[in-house]
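Comments concern the structure below.
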Amino acid sequence: MDDPNARTMMQGLVGKRIIELGEIDLNCPSNCQIHNTHFFGSDRQIIRRGQAFSFYARFQNREWDDSVDQAAFTVETGLRPCESNETKCTFPMGRCLDQTCWSASYKIHQPKCISISVFPPSNVCIGRYILNMQITSCGHTYQRCLGDFYVLFNPWCADDPVYLDNQAHREEYVLNEHGILYEGVHKHITSRPWHFGQFEDGILDICLKILDMGASYHHGSDRDHCWRNDPVHVSMVVNHMISSHTTNSIMKIPENNDYLKGTKPFSWNGSVPILQQWYSGRCRPVRYGYCGSLASVMCTVMRCLGIPSRVVTSFCFPCSIENPLGINEVFDSTGKNLCGKDKLWRYHCWNESWMARRDINQCCGDWQCLDPTPLETGRGSACSGPTWVRSIREGELDLDYDGHHMFSRVNSNYVGWLSQNNAKRTKFFCDTWPCGQRLITKSVGSEQFEDITGAYKYELGSVKNKEAYYRAYRRIHPGYCNASNCHIDRELSSLKNPFLSDSGINMRLKMANCPMYGEDVQLNWLLENLRNENKTLKFNLCAQIITYSGCPMDQFWKDSVTVTLGPREVKKIPLCISYNQYGPYLYDHNIMKVVALSDPECGEVLMVSRDIVVNRPPVIVKLLSQPRLKVPCTAEISFCNPLQEDMKNCVMTLEGCGLFKEPMTIDLGTLASNQQARTVVEFTPYRLGSHRLLANLGCHKFAYCKGCAKAEVCCSAGQNGVLPVSQNGSLPVCENGSVPTNGPGPVPVADPAFNSMCEYICIPVCNPNCSSGGQPVYDFVYLPAGHPLCNTLCNQGFNPSISPGFEMGCDPGFRVVCETVPPATCTPVPPSMYGSMPAPAANPVCTAMPHVVFETGPAPTHPSGGGGAPLSYSVSVPANNAVISVNFIIA
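Numbering (this note's numbering), first residue to last: 48 to 938.
What follows is the structure, given as structure tokens:
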């Protein structure tokens, strides 16, 4: 029997040929801009999950026809892709996207060309994918591999567990390649710059290799790939890979401060050389690092994968094996700090990453503490985390992972013990002010630090602080799980110092100067008698080197003094430790501990101590010319030897993301006392944006002295037609180094025809070629809406629609026109140009002013439908007290 439907279908096929797939344009530059991955470069498709990406498919013989043509896509990741573990998915192409799963849609872009959008849902696994396209045309099916693409976590997507709702925070904790590490002691904080370099060439592939080298991958690669949709799992893998006791961890920590067979831990300037050395060395641990470099490398990996992260420094960090809520230090009768099982680190660095913990029913994102440094515990050494920072503050230690370790490390009590002639130890000192006196991290958009102590614990002595401590105490000490608060208070009161409670003496050691290498250390010892009676005490004074990790080193200074104090008398005793006394012992350790301990034979044991940081001499870095993309630039590096002796084997190392492809080493030989070394180096910047030139000087006296200079890399006017515009989301910089604030403010283009055809917004920049009297003139550069500067403008109250654009750079295909538009030559935009779009609220008004125009990409369709003469329009539109000049050409 004749089927009318089948007959109609066959009639539709008559004359149709199988559609032939031609060129595929993956549209990488535009996708990378929109997905905030263009810093990796635009030669690869790197996208973020929960956000669609688009590309173009051109056909050779005819246009796409839904009635006879269908398409589907297959995405695969991992060694053995499988739909059951969500590492493989096949989905059809329709007319609209389904944002709950993998989906694809298309629209007609041009004749014989369709624009295809693919949506990766916000819960897919991160990693490298293969994209295949299957086309069924006129009953015939064929397939083509379209290439690979990378999927990262997406802090811009509200459905992603790593979502961060503050653009400034996203720019700091995901996009910023430059960081600051804080060191020293809580009363004297020092800083040093660090290059994270998460967007450098090859780093993304190294980060994915790190995941493949993790223990869970080797226990089951299929299961591990399936779990890579969870930032908790990924963070744990990275955390354990940084410095675990395995043969493929990224970095080793020197044992007993012995690092003769590797790089000195403090000489590193950034993460990139460490990761590259690990990768090129067949994934063997790099020698050597310390907690700061470990946390920074982890921060690099996490930011690269799309997880917001930052490095945190805690001062007075206890590492106790036996007492989880206490730290013990032992002294002899001279005041010398003896080496014991417990260590009081002067500072310690770890990583914080932002994510929602679905494993603990956490709906919204928050900071999670991850410590990649393996620290000694009662069960051996191990890294810790992720631990919800808020659970540490609240004392809720039953949540995964390692909350009891992190709580004790910011809330322990300090106890001092006296050992006399190797006899039984006597407790003589207790500080109820817990450890973790100060926790800081780099501020958002600033070079200063932010104090985040309040995020880890409530104010000492407050009701909430005590309640959190009681909860944690019961959890850490099972024997007290049912104990009352009063019972725990009585237990804690036993820690109090039996001597200091009735000594009647107040003592302080106060710095009289901030010493630098080569200078004497000046202190004032302040004593106050709180009683109405005379006091005579004998004190032993000493000083010794202390490593940052709390290991006591050589004792280099000793003295003794008898002090007599009258009733209520206050006395100040100056102390001086010469460089000749401490200089031979410092080397890499620039912290010394000065102690004044009363002689136990006096009947009272009193002690006062002070940790002193000796500042390192600076390396001065000065740029001698404006850094421009792919143009040689010079910098002057200078250093003066402040010591009263020669500095031998001086080596200067220079590096900088976007400035040096690899570190530059300069052998300076020997520097005599007070000799100043100057050297001029040349480098060629290879990436636009804000960068740092870092310098490190090492010699036989110390491993590192640091220097840093900012380098704003831009393109010169006339260099392939590109003006100096930063690509990192900051406002452009004028020739004289200033930001254009006096010219017209950044405003959206007001002409809807221009918005539709060019999809750009405009910002003012300085153009030295369009100048008057030698002064920069504020001109307009039209940028794609996906450019990072658009985000900057949105933060200032503007909200241009996001649409595909082009990547800023020195592409010869871009052309800049610098011209003045006389009013007489202004041609109004014809109504036919607007089509169905609304015309401007006001007729365009022309003005004579310099302006700059980018002309790029395919020309819009001519109003006549093609074949007409090229039309050129120069339009100026008033907007927000500024004039926007629009120039476009329609061929």
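Where is the CB? At the ideal position from N, CA and C, for every residue including glycine.
On the DSSP bridge assignment, give the partners of residue i in chain order.
{"i": "P93", "result": "It is worth fixing the name first, because residue 93 is Ile in this sequence and not Pro. Paired residues: Y197."}
{"i": "E702", "result": "L741"}
{"i": "F102", "result": "I163"}
{"i": "F454", "result": "Its beta-bridge partners do not exist; DSSP assigns none."}
{"i": "C687", "result": "Q723"}
{"i": "G69", "result": "In the DSSP output, where bridge partners are listed per residue, G69 has none listed."}
{"i": "G4", "result": "The displayed coordinates of the chain run from 48 to 938. Any statement about residue 4 would go beyond what the structure contains."}
{"i": "W315", "result": "Paired residues: none, contrary to the question."}
{"i": "S184", "result": "D116 and H187"}
{"i": "R657", "result": "V641"}
{"i": "E575", "result": "N553 and V617"}
{"i": "A590", "result": "W604 and V641"}
Take residue i as the anchor and find which of the options has the nearest alpha-carbon.
{"i": "E133", "options": "I173, N627, F364 and Y153", "result": "I173"}
{"i": "W435", "options": "W401, Q214, T347 and C649", "result": "W401"}
{"i": "N276", "options": "H85, R96, I250 and K757", "result": "R96"}
{"i": "C477", "options": "G483, N460 and V491", "result": "N460"}
{"i": "R675", "options": "P665, K474, Y733 and N553", "result": "Y733"}
{"i": "I253", "options": "N688, V285 and G226", "result": "V285"}
{"i": "L486", "options": "D606, I499 and D207", "result": "I499"}
{"i": "I592", "options": "P332, V660, G650 and F87", "result": "V660"}
{"i": "L258", "options": "K640, D646 and M288", "result": "M288"}
{"i": "E494", "options": "T681, S238, T726 and S184", "result": "S238"}
{"i": "L422", "options": "G382, V457, S77 and C338", "result": "C338"}
{"i": "L43", "options": "R657, L584 and F246", "result": "What the structure shows of the chain is the stretch from 48 to 938, and residue 43 is not part of that stretch, so it cannot be assessed."}
{"i": "I65", "options": "P647, Y189, G244 and A342", "result": "Y189"}
{"i": "I297", "options": "R334, P312, M349 and H280", "result": "R334"}
{"i": "L211", "options": "L307, C411 and R456", "result": "C411"}
With DSSP run on the structure shown, which of helix, strand or coil describes residue i?
{"i": "R64", "result": "coil"}
{"i": "Q214", "result": "helix"}
{"i": "G249", "result": "coil"}
{"i": "Q723", "result": "strand"}
{"i": "V221", "result": "helix"}
{"i": "M260", "result": "coil"}
{"i": "G501", "result": "helix"}
{"i": "P158", "result": "coil"}
{"i": "H16", "result": "The structure shown does not extend to residue 16, since the chain is modelled only from 48 to 938, so the question has no answer here."}
{"i": "K489", "result": "strand"}
{"i": "C273", "result": "helix"}
{"i": "P679", "result": "coil"}
{"i": "V209", "result": "coil"}
{"i": "E230", "result": "strand"}
{"i": "F138", "result": "strand"}
{"i": "V171", "result": "coil"}
{"i": "I535", "result": "helix"}
{"i": "A750", "result": "coil"}
{"i": "K708", "result": "coil"}
{"i": "R191", "result": "strand"}
{"i": "T551", "result": "Per the sequence presented here, residue 551 reads as Gly, with Thr not at that position. Here G551 sits in coil by DSSP."}
Confirm, please, whether the CB-CB distance from residue j to residue i is below 8 Å.
{"i": "F749", "j": "Y634", "result": "yes"}
{"i": "A758", "j": "I684", "result": "no"}
{"i": "L644", "j": "N587", "result": "yes"}
{"i": "E399", "j": "R357", "result": "yes"}
{"i": "L193", "j": "N179", "result": "yes"}
{"i": "R615", "j": "N579", "result": "yes"}
{"i": "F166", "j": "A99", "result": "yes"}
{"i": "C363", "j": "G483", "result": "yes"}
{"i": "H738", "j": "C704", "result": "yes"}
{"i": "I354", "j": "S282", "result": "yes"}
{"i": "S625", "j": "D536", "result": "no"}
{"i": "M711", "j": "L718", "result": "no"}
{"i": "K605", "j": "V666", "result": "no"}
{"i": "F378", "j": "N370", "result": "no"}
{"i": "S152", "j": "S169", "result": "no"}
{"i": "V122", "j": "C136", "result": "yes"}
{"i": "I227", "j": "P208", "result": "no"}
Where are the beta strand (DSSP E) runs, 3 residues long or more, that stay fully inside the stretch 594-653, in chain order? Restricted to the stretch 594-653, the beta strand (DSSP E) segments that are unbroken, complete and at least 3 residues in length are 599-612, 617-624 and 638-645, listed in chain order.
What runs of the alpha helix (DSSP H), each 4 residues or longer, lie entirely inside the stretch 320-395? Complete alpha helix (DSSP H) runs here, min 4: 338-352.
Enumerated in chain order, which unbroken segments of the alpha helix (DSSP H) with a length of 4 residues or greater are wholly contained in the stretch 400-449? Here the runs fully enclosed are 436-441.
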